[in-house]
Amino acid sequence: MNLFSDIRASVMEALETMTSMGELPEGLPTDDVTVEPPRDSAHGDMATNAALVFAKRARSRPRDIAEILAGHLVGDPRIESAEVAGPGFLNIRLADGIWSGLVDAVSNSGNYGRSDMGAGKRINVEYVSANPTGPLHVGHGRGAVFGDALASLLEFVGYDVTREYYINDGGAQVDVLARSAFERYREACGLAPEIADGMYPGSYLMFVGEALVELYGETLLDQPEETWLGDVRDFATDRMMDMIREDLGTLGVGMDVFFSEKSLYGSGRIDSALSSLSERGLIYEGVLDPPKGKMPDDWEPRRQTLFRSTGHGDDMDRPVRKSDGSWTYFASDIAYHFDKISRGYDTLINVFGADHGGYVKRMKAVVSALSDSNVPLDIKLIQLVRLYRNGAPFKMSKRKGNFVTLRDVVDRVGPDVTRLVMLMRRNDAALDFDLDRVLEQSRDNPVFYIQYAHARVRSVLRRAGELGIPTDQPSRIEDAAELAVARKIAEWPRLVETAARSHEPHRVAFYLRELASEFHALWNRGNEFPGLRFVQEGDIATSAGKIALPKAVGIVISSGLGILGVTPAEHMH
RNA sequence: GGCCCCGUAGCUCAGCUGGAUAGAGCGACCGCCUCCUAAGCGGUAGGUCACAGGUUCGAAUCCUGUCGGGGUCGCCA
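In my numbering, each residue's number is its place in the first sequence (first place is 1) plus 1002.
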């Protein structure tokens, strides 16, 4: 049920007829032909740019083509009129019954807006992937919410989605974690911890130290580091991942796969990924040019094993081995993405923090090389979250102990507010998050605004239930405000597909606010014109014709909020 | 200096991958509850879409350059 694609199909059919009748030349590309809502609804219900797209290739005037097209379209019973306007737009007005038909279809279906656009293709969405060395911070939370909503959105349009987290448990930072946890272990044994510079000072490691005492007693105290480092590291990273899973859980974010970087080492998987690149002639021994412009003080030329990423769009080649011969982090990333490709995904999406912007080109180069350009990789960069308290920037410092974790924020404002506020901004724009203002129950808080609309719907439906008004009867759309709501409902499938195609879940959030706005407007017209109220006391027949519209609004809001992971409220208090 | 992102109303931001007279919220001003929830609604005011070129029927949107803000730049992950 997608009114715009239905009418577009009708337009395409008319264009084919024109071609076969010699009114248009053969073989014109139709990809750019759109059928969309006009900016001004006074222009009609839909507008197509077909004549403008074809004018040049057909060597005729756009308005002339539009005129002929209009003649073919009026044969469609769903189309009441088609008028040429402006430079050659064709404004289409739909027949009266179309809108009530749409509303009835929506209010009686459970899956309005879903589509088979994805055709069951498999997409891997990797997000969060924070180091397992501490609690998630607010920036991780934004990536988590974005990735989760994007995954839901893609599922909604028919993709087979895997939500994945890459655990960076293979580098030096987890050794530092182990040493930091060991100091907390000593502390739990009654000794003074010595937390050196560069260690993780957070008190969240104290429970790890205590758990180590339960496991080992005091037996580790006199042992040299090499005897305990591996065990303590594994134990501590497991505990950190437990904590991160809990943090994500408070936001309602869950993963299908947790992929361990460490699992790549010693398994030969890095070697096989690199030999795959080697077979393509993309691995060589060489010396990189120094960085252009600003020269680092300690730069000196070194011979390294390099990946020829410039062959796939990168600015310079990238080292896969450190000078001591061990793998760079990039090498394990290559192996990880080789693994993803070999698992058969049609598309990969990585959600990174903006500070990883420098890795975009090389990762795309790797995936392009390893998949012979068959698997597209889209990397979504998530910009900073700046925390505010009452309009003033909130400075955080781990040392001063006023560090605000994701958990702190969710505990304070709740998962629904956290999620929607983060989704009301494009991923590539910085986000100001004011811990006090997001809780104000005012009009500028989209969470309350949208949930209020849904609560009003539920209130009406409850009232209808009490009065015995059936909610499955044909609707009657008469007033302009009712029509405006129906039009907005009609846009939903199209909006969902656009948002999914561009990997931009924020569009769903903005759409829901617009739909809520139209609904609130209609609701308030019921103050001025009681005949517009959905429930007409004492007149079941009239009420039955009005109840489908709010019901349809409720269905769209609730499925939209479902994509965003926000609870649709039954009541407002 | 190289690369990436951003620049739209006083403020915070949308703008449906190039469409018609650029939109919303906040702030300001004026209105609307004996009425399904006023946490809502209607109206007024506010713009050289950073700047300059280019591409074409048509540009906030695409290309080039300039200015301003942020991020990032070989043996960290």
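Even glycine gets a Cβ: it sits at the ideal position worked out from N, Cα and C.
query	result
Using CA atoms only, rank isn't needed, just tell me which of Leu1437, Met1318, Glu1468 and Val1289 is closest to Lys1324.	Val1289
Helix, strand or coil for Tyr1168? Go by DSSP, reduced to three states.	strand
Whole angstroms are fine: how far does the CA of Met1243 sit from the CA of Tyr1161?	28 angstroms
Answer with buried or exposed for Gln1225, where buried requires no fewer than 16 other C-beta atoms within 10 angstroms of its C-beta.	exposed
Rounded to the nearest angstrom, what separates Pro1203 and Ile1197 at their Cα positions?	6 angstroms
The alpha helix (DSSP H) spanning Asn1529 covers which residue range?	His1508 to Glu1530
Rounded to whole angstroms, what is the Cα-Cα separation between His1045 and Asp1098?	16 angstroms
Whose C-alpha, out of Gly1136, Glu1493, Val1130 and Ser1154, is nearest the C-alpha of Arg1144?	Val1130
Do you know whose CA, among Asp1233, Ala1011 and Val1215, lies nearest Val1176's CA?	Asp1233
Using the three-state DSSP reduction, which class does His1139 fall into: helix, strand or coil?	strand
For Asn1170, does the count of other Cβ atoms within 10 angstroms reach 16, so buried, or fall short, so exposed?	buried
Using the Cβ count rule (16 or more neighbours within 10 Å means buried), how would you classify Ala1132?	buried
Which runs of the beta strand (DSSP E), 3 residues or longer, sit entirely within the stretch 1280-1356?	1285-1289, 1305-1309 and 1349-1355
Can Glu1189 and Phe1261 be called in contact, C-beta distance under 8 angstroms?	no
Checking 8 angstroms against the spacing of the C-beta atoms, do Ile1491 and Val1105 come in under that value?	yes
Asp1150 to Val1055, Cα distance in whole Å?	38 angstroms
Grouping DSSP H, G and I as helix and E and B as strand, with all else coil, what is Arg1465?	helix
Helix, strand or coil, according to DSSP, for Tyr1161 in the structure here?	coil
So does the stretch 1371-1383 actually touch the stretch 1344-1363, counting three or more Cβ pairs closer than 8 angstroms?	yes
With DSSP as the reference, identify every bridge partner of Arg1095, one or two as the case may be.	Ser1083
With a CB to CB cut of under 8 angstroms and the five nearest residues on each side skipped, what residues in its chain are close to Asp1008?	Arg1080
Which residue comes first and which comes last in the beta strand (DSSP E) that contains Tyr1390?	Val1387 to Arg1391
Specify the secondary structure class of Glu1025 as computed by DSSP and reduced to three states.	coil
Identify the residues that DSSP records as bridge partners of Met1048: which are they?	Ile1094
Under 6 angstroms Cβ to Cβ from Gln1538, same chain only, skipping five residues before and after it: list those, please.	Thr1544 and Ser1545
Can you list, in chain order, the residues of its chain whose CB lies under 6 angstroms from that of Glu1410, leaving out five sequence neighbours each side?	Looking at the sequence itself, residue 1410 is Asp, so the reference to Glu does not match. Cβ neighbours of Asp1410 beyond the five flanking positions: none.
Between Val1555, Thr1407, Phe1396 and Arg1388, which has its C-alpha nearest Leu1463's C-alpha?	Val1555
Tell me whether Met1242 counts as near the ligand MG, meaning its Cβ is closer than 7 angstroms to at least one heavy atom of that ligand.	No copy of the ligand MG appears in this structure; indeed no ligand is present at all.
Given a threshold of 16 other Cβ atoms within 10 Å of its Cβ, counted over all protein chains shown, does Ala1011 qualify as buried or as exposed?	exposed
Tell me which same chain residues have a C-beta within less than 8 angstroms of the C-beta of Arg1345, skipping the five on either side of it?	Asn1126
When the distance is taken between beta carbons, is Leu1408 closer than 8 angstroms to Asp1249?	yes
Have a look at Ala1060, Glu1157, Asp1236 and Met1003 and flag the residue whose alpha-carbon is nearest the alpha-carbon of Pro1027.	Ala1060
How would you write the range of the alpha helix (DSSP H) that Glu1189 sits in, first residue to last?	Ala1174 to Ala1190
Going by Cα to Cα distance, which pick from Ala1146, Ser1560 and Ala1371 is closest to Asn1113?	Ser1560
Measure the alpha-carbon distance for Glu1499 versus Arg1305 and round it to whole angstroms.	49 angstroms
Could you check where the alpha helix (DSSP H) with Lys1363 kicks off and where it finishes?	Val1362 to Leu1372
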